[in-house]
Every structure is written in C-alpha cells, then in structure tokens.
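Novice:
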Amino acid sequence: MGEFIKVAEIAEIPPGTAKRVEVSGHTIALFNIGGQVYAIDDTCTHEQASLSEGTVYGEIVACPRHGARFHVPTGRVLSLPAVRSVAIYPVKVEGGAVYVAPAPQLSGAKPHRP
Ligand code: FES
C-alpha cells in the first residue's frame, strides 16, 4: 500500500469541503463528507479540470467543467461526459492530521455505460 504521508490538517477541510494536495507526483483531491475523509485523483478523467473545485452533493462530486459526476468513496464515474473512474487513495486521520498513501487504486467498479 505504501507509506502514509501527511498532507493536511483536518481543520483545513471542514465537512462538505475539499482541498487539493500534491503527494509524490500525484495531484489528489481530499473530500470531507460527513466527517469521513476521502482521497481521489483531482484531475477529471474527461479533460483537465480540478475535481476539488467541483460541487459536492452527498457522496457525489460534479466536475466544475462539464459536470461529469463521480462517487467520491469509490472513485466510480456516474455520468457523462467522463467514462473512466478516478483512482482513489488510502487515507487515515490521526491526531488532527490527514495522511494519504500515494498508491492509487481503481475501484474495480464497472464504468458508466451510456
Ligand atoms: S473536464 Fe470534467 S467533465 Fe469535462
């Protein structure tokens, strides 16, 4: 799984918000959804857009550029125009700090089929 690296303080990501971080060459979006922190690839799989700047609805983020939706806990793509899921990363929160292991994992879930 790789080593966990401190990327943020939990206080920087209140519930319902997101933050973009750089970890070992990966650009990662952290989301706090109801107190649970998730890490996914920040770059939309459609074109170049930062998912940390997207709109969050429950466990779903909508890309700020063309509106493709992704399920944050699994990275699964839910709607066009994106057709590929985003990678997710292991996260842990300890002592008020957020740690990410820069080992991307694909959810294995089937991509959206139009
Ligand atoms: S760049 Fe994200 S939907 Fe197009």
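Number 116 marks the last residue of the sequence shown (the numbering used here); no jumps. Built from N, CA and C at the ideal position, the CB exists for glycine as well.
#1: Who are the near neighbours of D44 in its chain, counting only those whose CB is closer than 7 Å to its CB and skipping five residues on each side?
#2: Does DSSP classify P116 as helix, strand or coil?
#3: Can the beta-carbon of P92 be found less than 8 Å from the beta-carbon of A99?
#4: What does a CB cutoff of less than 8 Å around I7 pick up in its chain, not counting 5 residues either side in sequence?
#5: If distances are taken between C-alpha atoms only, which option among C46, E96, S109 and R67 comes closest to I90?
#6: Could you give the distance in angstroms between the alpha-carbon of P66 and the alpha-carbon of C46?
#7: Less than 7 Å separating the Cβ of R67 from some heavy atom of ligand 1?
#8: Have a look at V88, P106 and V58 and flag the residue whose alpha-carbon is nearest the alpha-carbon of G36.
Specialist: Let's see:
#1: In the sequence shown, residue 44 corresponds to position 42, counting from 1. Excluding residues within five positions, the ones whose Cβ falls inside 7 Å are R22, T29, I30, A31, S52, L53 and S54.
#2: Numbered from 1 along the sequence shown, position 114 holds the residue referred to as residue 116. Residue confidence is low: P116 scores 48 on pLDDT, short of 50, so the model does not pin down where it sits. Its coordinate-derived value is still stated next. Coil, per DSSP.
#3: Stepping through the sequence shown from its first residue, residue 92 is reached at position 90. Stepping through the sequence shown from its first residue, residue 99 is reached at position 97. Not a contact, by the Cβ cut-off of 8 Å.
#4: Sequence index remark: in the sequence shown, residue 7 carries index 5 (1-based). Same-chain partners within the cutoff: V25, S26, Y101, V102, A103 and P104.
#5: The sequence position of residue 90 within the sequence shown is 88, counting from 1. Among C46, E96, S109 and R67, the Cα nearest to that of I90 is on S109.
#6: Looking up residue 66 in the sequence shown gives position 64. Looking up residue 46 in the sequence shown gives position 44. Rounded to the nearest angstrom, the two C-alpha atoms are 9 Å apart.
#7: Along the sequence shown, read from residue 1 onward, the residue named residue 67 stands at position 65. Answer for R67: yes, Cβ within range of ligand 1.
#8: For this step, residue 36 is matched to residue 34 along the sequence shown. The option with the nearest alpha carbon to G36 is V58.
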